[in-house]
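Note that this note's numbering has the sequence shown beginning at 20, numbered continuously upward. Don't be surprised by glycine CBs; every beta carbon is placed ideally from N, CA and C.
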Amino acid sequence: MDFENEKNNLENNNDKDLTNKKIIDEEEKRKQRLFEIEKKLGRHNNEKELKNKRNNKIMKYFALATNMVYILALPILIMLGFYLLLKKYLFKTDQPLVLIIFLLIGAISGYWSLIKQVNNIK
Numbered sequence: 020m021d022f023e024n025e026k027n028n029l030e031n032n033n034d035k036d037l038t039n040k041k042i043i044d045e046e047e048k049r050k051q052r053l054f055e056i057e058k059k060l061g062r063h064n065n066e067k068e069l070k071n072k073r074n075n076k077i078m079k080y081f082a083l084a085t086n087m088v089y090i091l092a093l094p095i096l097i098m099l100g101f102y103l104l105l106k107k108y109l110f111k112t113d114q115p116l117v118l119i120i121f122l123l124i125g126a127i128s129g130y131w132s133l134i135k136q137v138n139n140i141k
């Protein structure tokens, strides 16, 4: 009698385990199908996010590359204009050493601002 009861209990437990496994498998399949449908709708599409992030970074570098001429030339032109004003109102003769110093200061400040902008891109 005891053996028969134990056998029946084991069979019932096995049946419950099998039904639980079937329910879990069906649940997993349903979740997978739902995920596939949402992916087709574009809710779980990481490729677009990666592509947008890549394009955004490329556009930042492209904008910097197009502005590079202005970033480098503007300080040099400002220093040249400052030299011409000094030459007209302060100096009596040409001062080529002052011109070279001003142009070097303009070039260094232009490169400095370019390096700062490149480092700020993330």
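- V137 and M98 have their C-alpha atoms roughly 23 Å apart.
- Just so you know, the alpha carbons of F54 and P94 end up roughly 56 Å apart.
- In the three-state scheme derived from DSSP, where H, G and I count as helix and E and B as strand, T112 is classed as coil.
- Secondary structure at R62: coil, using DSSP grouped into helix, strand and coil.
- One Cα belongs to N39, the other to M78, and the distance between them is close to 53 Å.
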